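For the sequence shown, counting from 1, position 20 maps to 19 in numbering that gives the first Met the number 0; every step adds exactly one. Where is the CB? At the ideal position from N, CA and C, for every residue including glycine. Note that the structure is a prediction, hence the values are computed from the model and not measured. Let me begin by presenting the structure, written as C-alpha cells, before commenting on it.
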Amino acid sequence: MLRDEDEESFDMNYGEFIRRDMEGCDLDTRRRIACELLKGIAKNNKEKVAERVSSQINSCRALAANWKHKDCAIYLIVSLATEKAGGSLFQLTMLKVYLDSVLEKPESEENQTVMKCIMRVLGVAEISTEVASPCITGLTSVLNRVCENPKNPLFNHQLFEAVAVLLRWACEKNQSLVPAFESSLFLRLQMILAKEVTEFFSYALQLLAQLVELNRPPIPPHYM
Numbered sequence: 000m001l002r003d004e005d006e007e008s009f010d011m012n013y014g015e016f017i018r019r020d021m022e023g024c025d026l027d028t029r030r031r032i033a034c035e036l037l038k039g040i041a042k043n044n045k046e047k048v049a050e051r052v053s054s055q056i057n058s059c060r061a062l063a064a065n066w067k068h069k070d071c072a073i074y075l076i077v078s079l080a081t082e083k084a085g086g087s088l089f090q091l092t093m094l095k096v097y098l099d100s101v102l103e104k105p106e107s108e109e110n111q112t113v114m115k116c117i118m119r120v121l122g123v124a125e126i127s128t129e130v131a132s133p134c135i136t137g138l139t140s141v142l143n144r145v146c147e148n149p150k151n152p153l154f155n156h157q158l159f160e161a162v163a164v165l166l167r168w169a170c171e172k173n174q175s176l177v178p179a180f181e182s183s184l185f186l187r188l189q190m191i192l193a194k195e196v197t198e199f200f201s202y203a204l205q206l207l208a209q210l211v212e213l214n215r216p217p218i219p220p221h222y223m
C-alpha cells in the first residue's frame with residue numbers, strides 16, 4: 000500500500016513517479032522490494048502464489064472506491080505480469096484494470112508512460128475475444144478524443160502502436176474479430192485522412208494496411 004511519502008512524491012511530480020514505477024527504478028521503496036520478493040517466490044511456486052495473489056487482488060478491487068486499494072491491486076498484477084513470474088492471467092487482468100480505471104481519468108489520457116505500459120502488455124499477453132473487445136473499445140475512445148486536439152506526440156505514438164499491436168495479435172489468432180475492429184476504427188481512420196490530420200496520417204495508413212492484410216479475399220468494397 001502507498002505510504003504518505005509516496006503520495007507526496009506523486010503530488011510533486013506524478014510523471015516522474017510513474018516513470019520510475021514502470022521502469023523499476025524505485026529500488027529504494029518498500030513496495031518495490033516486496034514486488035521483487037513476490038516475483039522470486041513465484042518462480043518456483045506459481046500456482047500457490049497465483050491463488051493467494053488473485054484472492055488479494057479481488058479483495059482490493061472490491062474496495063476500489065478507495066484509490067489506494069485499486070493502486071495496490073494494479074501493483075500486485077504488475078509484480079506477476081511476466082512470463083517468469085507466472086503468466087498471462089495476470090497480464091490480462093492488468094489490461095482490464097488499466098483500461099477500466101486508468102484511461103477514463105482525464106489526467107491519464109495524455110500520460111505516455113501509462114500508454115507505453117499498455118502497449119507492452121498487449122505485445123506479450125495472449126489476447127482472447129473477451130479481452131480484445133473492451134481493449135479496442137477503450138483505446139478507440141481515447142483515440143477519438145486525441146484526434147480532436149493532438150497535443151502529445153509521444154502519447155499519440157504509443158496509442159497508435161497499442162492499437163496496431165492489439166489488432167495484430169487479436170485478429171491473427173481469431174479472424175472473426177476483424178469486422179469488430181473495422182467497426183471501431185474505420186470511420187475514425189477515414190476522418191483522419193479526409194480532414195488531413197497530418198500528425199496521424201502515417202498511423203492511419205498503417206492501421207488501414209493491417210486491416211486490408213487481415214481480410215480474406217475478396218477485399219471489402221469500402222477499401223476500394
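Neighbourhood of residue i by C-beta, 7 Å cutoff - its chain only, sequence neighbours within 5 removed
i, result
"Trp66", "none"
"Thr128", "Asn173, Leu176"
"Ile40", "Val48"
"Gln205", "Ala163"
Cβ pair residue i, residue j closer than 8 Å
i, j, result
"Ile17", "Val164", "no"
"Asn155", "Glu195", "no"
"Arg187", "Leu121", "no"
"Cys59", "Lys69", "yes"
"Thr139", "Leu184", "yes"
"Leu36", "Gln55", "no"
Buried or exposed by the 16-neighbour rule on C-beta atoms within 10 Å, applied to residue i
i, result
"Ala169", "buried"
"Gly14", "exposed"
"Leu192", "exposed"
"Gln111", "buried"
"Ala124", "buried"
"Gln189", "exposed"
"Ala131", "buried"
Residues near residue i by beta carbon distance below 8 Å, same chain, minus five either side
i, result
"Pro149", "Asn155, Val196, Glu198, Phe199"
"Asn214", "Val177, Tyr222"
Same chain only: Cβ atoms within 6 Å of residue i, ignoring 5 sequence neighbours per side
i, result
"Tyr202", "Phe159"
C-alpha distance - residue i paired with residue j, whole-angstrom precision
i, j, result
"Leu153", "Met223", "32 Å"
"Cys146", "Phe9", "29 Å"
"Lys42", "Ile117", "24 Å"
"Leu207", "Asn151", "22 Å"
"Leu166", "Ala33", "35 Å"
"Glu109", "Arg144", "10 Å"
Cβ-Cβ separation, residue j to residue i (assumed contact under 8 Å), whole Å
i, j, result
"Ile218", "Phe180", "So it is not a contact: roughly 15 Å between Cβ atoms."
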